[in-house]
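Residue numbers (the working numbering), protein chains in the order written: chain A, 9 to 198; chain B, 14 to 105. No residue lacks a Cβ here, since even glycine has one placed at the ideal position from N, Cα and C. Notes follow once the structure below has been shown.
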Amino acid sequence: MRHNSTTQPLPGDLAMWFFILAELAVFGLMIMGFAVAEALQADSFRKSRDLLDTSTGLTLTLSLLTSGFLAALAVDRARHQQQKISAALLASAMVSAWVYVYIKLTEYNHLAEQGLDIEYDRFFTLYWIVSVFHFLHVLLGIVILAFMAVRCWYHSYSSDRLHNLESGVLYWHMVDLVWVMLFPLIYVLN
Amino acid sequence: MRKYFDTRRRLTLSWIALAVLSIITVSAGELELRLLAGAIVLIAGFCKAWIIIDQFMELRQVKLRWRLLMLGWPLVMALCIGIGMINRLPTD
């Protein structure tokens with residue numbers, strides 16, 4: 009990583025940055041919709057939010073942030089031509105992401121058993137739509153991490169192809185970025 | 014070699030800061046002072062987004078317009094959530 013004061017080129021592919029901006033726009037509309045709906049039905053949202061476990065939300069957050077940290081370390085190792093270590097770090101990032109998946113599925117199951125499904129009230133309608141949409145992005149991110157880990161293991165990322173690895177990891181950071189704004193909205197701000 | 018250790022240290026410090034801010038978010042959510050709690054939660058959320066954008070996505074030293082574009086997203090989100098929070102109408 010660079011510490012000088014000169015402007016550096018964007019990491020990854022430009023197309024990935026446009027994709028990230030498009031994704032952020034979609035999630036942004038969902039978050040705004042959530043905020044507007046809450047402003048109109050504050051009491052109902054407060055009661056429904058109380059049914060969610062904040063510590064579960066915190067664990068989900070920590071697992072995603074840890075995964076993003078490991079993925080960032082993997083890019084750094086790949087830049088130093090230590091691709092086996094990079095592959096191991098990407099695999100560790102996947103394990104941390106699977107913790108998120110396991111906890112999230114447990115939460116979904118728990119809510120469904122309590123009858124708190126998508127039709128329960130407006131809060132849970134928005135909760136299921138937004139969180140499942142994000143969850144699908146996590147699953148896609150895990151597939152991308154797995155693909156990149158295998159390619160790193162076989163030393164496929166030469167110095168002129170590192171932008172492919174950077175682009176995949178950028179997608180994973182975008183998933184993290186969205187979650188850090190969803191977490192307070194869904195679990196905390198009561 | 015020194016640059017390598019600097020990067021690892023910087024990323025590790027970022028991760029610790031993100032974890033601490035997450036814990037602050039949850040703790041602030043339990044405060045009785047709702048407006049203050051909301052402000053702390055949203056500022057912590059924006060700071061976390063800032064760390065992810067600058068350190069993990071490595072936008073610290075790219076062209077300013079890309080950095081502002083990306084930092085604009087969590088800022089707008091935090092403002093929208095904050096405005097929604099202030100305007101919550103007790104209807105039920």
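{"Check": "Kindly indicate which residue of A:Ala99, A:Thr62, A:Glu127, A:Phe191 has the alpha-carbon position closest to the one of Ile150 (chain A).", "Outcome": "A:Ala99"}
{"Check": "So for Pro17 (chain A), helix, strand or coil by DSSP?", "Outcome": "coil"}
{"Check": "Output the boundary residues of the alpha helix (DSSP H) element that contains Val151 (chain A).", "Outcome": "130–161"}
{"Check": "Identify each residue in the segment 19–47 of chain B for which the Cβ-Cβ distance to at least one residue of chain A is less than 9 Å, and report them in chain order.", "Outcome": "Asp19, Thr20, Arg21, Arg23, Leu24, Thr25, Ser27, Trp28, Leu31, Ala32, Leu34, Ser35, Ile36, Thr38, Val39, Ala41, Gly42, Glu43, Arg47"}
{"Check": "Contact defined as beta carbons within less than 8 Å: I believe Glu46 (chain A) pairs with Gly85 (chain B). What is the distance between those atoms, to the nearest angstrom?", "Outcome": "With a Cβ gap of about 22 Å, Glu46 (chain A) and Gly85 (chain B) do not count as contacting."}
{"Check": "For a contact defined as C-beta to C-beta under 9 Å, what are the partners of Gly76 (chain A) on chain B?", "Outcome": "Trp28, Leu31, Ile65, Phe69"}
{"Check": "Against Gln16 (chain A), what residues of chain B qualify as contacts under a CB-to-CB distance less than 7 Å, listed in chain order?", "Outcome": "Gln74, Val75"}
{"Check": "Between Ala99 (chain A) and chain B, is there a C-beta pair that is closer than 8 Å?", "Outcome": "no"}
{"Check": "Consider the Cβ of Arg78 (chain B): report whether some Cβ of chain A lies at a distance smaller than 8 Å.", "Outcome": "no"}
{"Check": "Would you call Glu36 (chain B) buried or exposed, if buried means 16 or more other Cβ atoms sit within 10 Å of its Cβ?", "Outcome": "The amino acid at residue 36 (chain B) is misidentified as Glu; the sequence shows Ile. That one is exposed."}
{"Check": "Say the cut is 7 Å; is the CB of Ala47 (chain A) nearer than that to a heavy atom of the ligand NAD?", "Outcome": "This structure does not include the ligand NAD; it has no bound ligands of any sort."}
{"Check": "Determine the direct distance from the alpha carbon of Arg21 (chain B) to that of Trp187 (chain A), and round the result to whole angstroms.", "Outcome": "24 Å"}
{"Check": "Which chain B residues are close to Gly149 (chain A), counting only those with a beta carbon under 7 Å from its beta carbon?", "Outcome": "Simply none; closest approach about 13 Å."}
{"Check": "To which residues of the same chain is Ser94 (chain A) closer than 6 Å at the C-beta, ignoring the five residues directly before and after it?", "Outcome": "Ala82, Arg85, Ala86, Cys160"}
{"Check": "Residue ranges of each alpha helix (DSSP H) run of no fewer than 4 residues wholly in the segment 50–121 of chain A, ordered along the chain?", "Outcome": "50–57, 62–87, 91–121"}
{"Check": "Using alpha carbons as the reference points, say which of A:Leu193, A:Pro192, A:Tyr179 lies closest to Glu31 (chain A).", "Outcome": "A:Tyr179"}
{"Check": "At a CB-CB cut-off below 9 Å, which residues of chain A make contact with Ile94 (chain B)?", "Outcome": "Ile39, Met40, Phe42, Ala43, Glu46, Met189, Pro192, Leu193, Leu197"}
{"Check": "Pop quiz: Gly36 (chain A) and Met90 (chain B) are said to be a contact at Cβ under 8 Å. What is the actual Cβ separation, rounded to whole angstroms?", "Outcome": "6 Å"}
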